[in-house]
Amino acid sequence: MIRVTDTLSGKKETFTPGGDTVKMYVCGVTPYDESHIGHAMSYIIFDVIRRYLRYRGHQVKYVQNVTDIDDKIIERAARLGTTTSALAEKFTRSYQEDMAALNVEPPDFNPRATGEVAKIREIIEGLVAKGYAYPAGGSVYFRVRNSPDYGKLSHRTLDSMMAGARIEPGEEKEHPMDFVLWKAARPGEPSWDSPWGQGRPGWHIECSAMALKYLGESIDIHGGGQDLIFPHHENEIAQSESFTGVKPFARYWLHNGLLQVGDSKMSKSTGNLISIKEILARHSADTLRLFVLSSTYRSPLTFSEEGLEAAGRGAERLIQTAGRSGGNGKSLDVLAYRKQFLEAMDDDFNSARALSSLFDMARAINQAADSKQDIDDALKTFKELAQNVLGLTLKATEKQIGDASPFIALGNSLIAEIRETNSGLADELQKSYPADGDGGQYINWLICARAKLRAAKQFQTADEIRKKLLELGVTLEDTPQGTVWKYRK
RNA sequence: GGCGACGUAGCCAAGUGGCAAGGCGGCGGUCUGCAAAACCGCUAUUCACCGGUUCGAAUCCGGUCGUCGCCUCCA
């Protein structure tokens, strides 16, 4: 039994989907710039939720929109002298690359706002016909006063919103909180035909349209960042339920806490953005996923380089475990750890607690491997949870060695050094010295040279190789199967 | 001003009535020629502070202080 915290009720509820397939909608990005690590956090979380539901035997249909037309896109495109569609396309693709790099599975449907104008118009017309919306000056507004429960998601009333006071004067609106469904086009802006004249969809309406079109009138999970609760999701509920007359529009509203940098939220308006690409240049997807998953998804998370490094070391331990092999002793049973893992995930996707079970399991596996127990089944369970549920790759980050020259230099000076005391060995090494190749080849050669030196008990020179390699970012590990190396910066 | 969240070890973080998970770091040990990796042991008598309820509270109630979010484009 899975329990989820629903923003609407404010409580932890038993999760029971409306049908055989879990219908899941998560708000996507507005592609006018590179995606940032706040996006990474949110989409990693919903990716894990989706994976877990599937792991628990649910079919999941996952829809995510792309808001490819809005004020920011228009503004940015104009500034850069490009079209809104070219700009949106560029950053949509960049976003998709980022998600792939983070091992976030693509949605089943990924509709663009501009591709759904027909459905959007249909809904607005319906809302106008029912008296929930009214045209004014070529735009169409939603009439919040006709939705008595407006404010139920964000737990506030119209009166309390008015008290907040940061509301601009009425313009064409009947009520200050009325929001735009259809925006009249200004000269030169991209626009579509409508009964109210040339214009384009407002922000909130596309999500209602897509959810209704791709998932139906009542969906199971609607997700997004906490910053979307008001006004975006509040408005989605109002529009959707007013249009269809079906309640609830979403059975469960899930919201992730926001990523902070330093002492404030990272956001577009404060400009303290760190892009996903920037982070992935320094840290692996597993590192980032572990960093995000080691706290509960509803809490705010403070980004820090130290935090990522800590997560990275943890990730390495898991990767190390995944690569182990046991013997043919007694078979290790890890079902108790698996049970704990599932109990944690069942409890509102408590990935932090689930991870503690995974680390415990890793320790048990390492221990068993050390004592030559059979760890095949254990490893299978371990990987299933780490990869299929948490979406970790468990692959060591093989960073490309850009420049082989430091390794070549190291090899050359080594030969010269050895020649002073042992010309025979120097000749032998010289013979096997790679004429060219990538850094890896030279590293392998250096490891080979070190093995010969160790065999000859020339530990000082051998250790020097290890030390120099470490300075270049290469760690050596001597295992019974030989020496393995890792490159990390 | 309104609404909401949070304050647990050096750092990150789980735990919402019954002896304080896990990760990172640190210290000691096993293994190793020495390391690395892995493993073992230790690392919070105490959960912002004050008061209350209870046989029993990090967990419930009241208050104080502090941090953050939303109320405006945002994942």
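Position in the first sequence counted from 1, then plus 1418, gives you our numbering. Even glycine gets a Cβ: it sits at the ideal position worked out from N, Cα and C.
Whole-angstrom distance between residue j and residue i, CA atom to CA atom
{"i": "P1898", "j": "V1478", "result": "45 Å"}
{"i": "T1439", "j": "M1419", "result": "16 Å"}
{"i": "E1607", "j": "I1492", "result": "7 Å"}
{"i": "D1821", "j": "Y1860", "result": "11 Å"}
{"i": "A1869", "j": "A1733", "result": "29 Å"}
{"i": "R1511", "j": "W1621", "result": "21 Å"}
{"i": "Y1473", "j": "N1806", "result": "8 Å"}
{"i": "K1757", "j": "R1539", "result": "49 Å"}
{"i": "E1592", "j": "N1564", "result": "12 Å"}
{"i": "L1505", "j": "W1600", "result": "22 Å"}
{"i": "Q1738", "j": "N1784", "result": "9 Å"}
{"i": "D1792", "j": "L1736", "result": "18 Å"}
{"i": "G1641", "j": "I1462", "result": "12 Å"}
{"i": "K1548", "j": "V1535", "result": "20 Å"}
{"i": "M1779", "j": "L1698", "result": "28 Å"}
{"i": "K1570", "j": "D1577", "result": "13 Å"}
{"i": "V1892", "j": "I1541", "result": "60 Å"}
{"i": "N1483", "j": "G1436", "result": "22 Å"}
{"i": "T1879", "j": "L1871", "result": "7 Å"}
{"i": "L1633", "j": "Q1818", "result": "43 Å"}
{"i": "G1456", "j": "M1684", "result": "7 Å"}
{"i": "Y1480", "j": "L1691", "result": "27 Å"}
{"i": "F1509", "j": "R1494", "result": "12 Å"}
{"i": "G1858", "j": "D1611", "result": "60 Å"}
{"i": "K1885", "j": "Y1905", "result": "13 Å"}
Residues near residue i by beta carbon distance below 8 Å, same chain, minus five either side
{"i": "E1590", "result": "A1554, G1555, S1557, Y1559"}
{"i": "K1537", "result": "A1627, M1628, L1630, K1631"}
{"i": "E1431", "result": "R1421, V1422, T1423, D1424, Y1670"}
{"i": "K1801", "result": "A1740, L1812"}
{"i": "S1679", "result": "Sequence inspection shows Val at residue 1679; the Ser mentioned does not correspond to that position. Correct list, in chain order: N1690, I1692, T1720, F1721."}
Same chain only: Cβ atoms within 7 Å of residue i, ignoring 5 sequence neighbours per side
{"i": "D1465", "result": "V1522, E1523, G1809"}
{"i": "G1725", "result": "F1709"}
{"i": "D1765", "result": "R1421"}
{"i": "I1647", "result": "T1425, L1571, S1572, H1673"}
{"i": "N1746", "result": "D1792"}
{"i": "S1609", "result": "A1603, Q1616, G1617, R1618"}
{"i": "W1759", "result": "According to the sequence provided, residue 1759 is Phe. The question's Trp does not apply to it. Around F1759: A1772, S1775, L1776, L1803."}
Residue from the options whose Cα sits closest to the Cα of residue i
{"i": "L1471", "options": "P1619, H1622, I1639", "result": "I1639"}
{"i": "N1674", "options": "M1684, W1863, Q1644, K1695", "result": "Q1644"}
{"i": "R1574", "options": "Q1616, E1652, S1636, G1615", "result": "E1652"}
{"i": "F1709", "options": "G1475, L1677, I1883", "result": "L1677"}
{"i": "E1543", "options": "T1662, M1579, K1429", "result": "T1662"}
{"i": "E1635", "options": "Q1616, C1866, P1666, G1569", "result": "P1666"}
{"i": "T1705", "options": "T1739, F1509, L1832, K1813", "result": "K1813"}
{"i": "R1468", "options": "P1525, H1457, S1453", "result": "P1525"}
{"i": "A1874", "options": "L1843, P1852, S1850", "result": "L1843"}
{"i": "P1619", "options": "G1680, L1698, A1531, E1696", "result": "A1531"}
{"i": "I1833", "options": "L1803, G1857, L1864", "result": "L1864"}
{"i": "H1476", "options": "L1498, M1442, R1494", "result": "M1442"}
{"i": "C1625", "options": "V1444, F1877, L1871, L1890", "result": "V1444"}
{"i": "E1846", "options": "D1451, D1794, C1866, L1888", "result": "C1866"}
{"i": "V1447", "options": "G1829, E1802, Y1513", "result": "Y1513"}
{"i": "V1664", "options": "N1830, I1637, S1749", "result": "I1637"}
{"i": "Y1552", "options": "L1803, P1566, L1520, D1596", "result": "D1596"}
{"i": "Q1848", "options": "D1856, G1829, N1862, G1855", "result": "G1829"}
Unbroken beta strand (DSSP E) run spanning residue i, endpoints
{"i": "L1812", "result": "Neither: L1812 is in no beta strand (DSSP E) and is coded neither H nor E."}
{"i": "K1669", "result": "According to the sequence as given, residue 1669 is Arg; it is not Lys. First-last of the beta strand (DSSP E) with R1669: 1668–1674."}
{"i": "V1679", "result": "1677–1679"}
{"i": "L1719", "result": "1719–1721"}
Boundaries of the alpha helix (DSSP H) in which residue i is found, first to last residue
{"i": "K1904", "result": "Per DSSP, K1904 belongs to no alpha helix (DSSP H); it is in the beta strand (DSSP E), 1900–1905."}
{"i": "T1799", "result": "1794–1801"}
{"i": "Q1616", "result": "Element bounds for Q1616: n/a, residue is neither H nor E."}
{"i": "S1841", "result": "1841–1850"}
{"i": "M1442", "result": "Looking at the DSSP string, M1442 is not in any alpha helix (DSSP H); the run it does join, the beta strand (DSSP E), is 1439–1444."}
{"i": "A1603", "result": "Looking at the DSSP string, A1603 is not in any alpha helix (DSSP H), and its letter there is neither H nor E."}
{"i": "D1424", "result": "Counting along the chain, D1424 falls outside any alpha helix (DSSP H), though it belongs to the beta strand (DSSP E) covering 1421–1424."}
{"i": "H1457", "result": "1455–1473"}
{"i": "H1622", "result": "1621–1632"}
{"i": "E1515", "result": "1502–1519"}
Close beta carbons around residue i, own chain, < 6 Å, minus the five adjacent residues each side
{"i": "A1770", "result": "S1712, S1713, T1714"}
{"i": "D1418", "result": "As displayed, the chain neither begins before 1419 nor continues past 1907, which places residue 1418 out of reach and without an answer."}
{"i": "D1486", "result": "A1506, R1530, A1531, T1532"}
{"i": "M1459", "result": "L1677, V1710"}
Quiz item: Are at least three pairs of beta-carbons, each pair with one atom in the region 1658–1665 and one in the region 1602–1621, less than 8 Å apart?
Solution: no
Quiz prompt | Cβ contact check for the region 1838–1852 and the region 1741–1761: 3 or more pairs under 8 Å | solution = no
Self-check item: Segment contact flag, the region 1786–1799 with the region 1727–1747, C-beta cutoff 8 Å, min 3 pairs
Solution: yes
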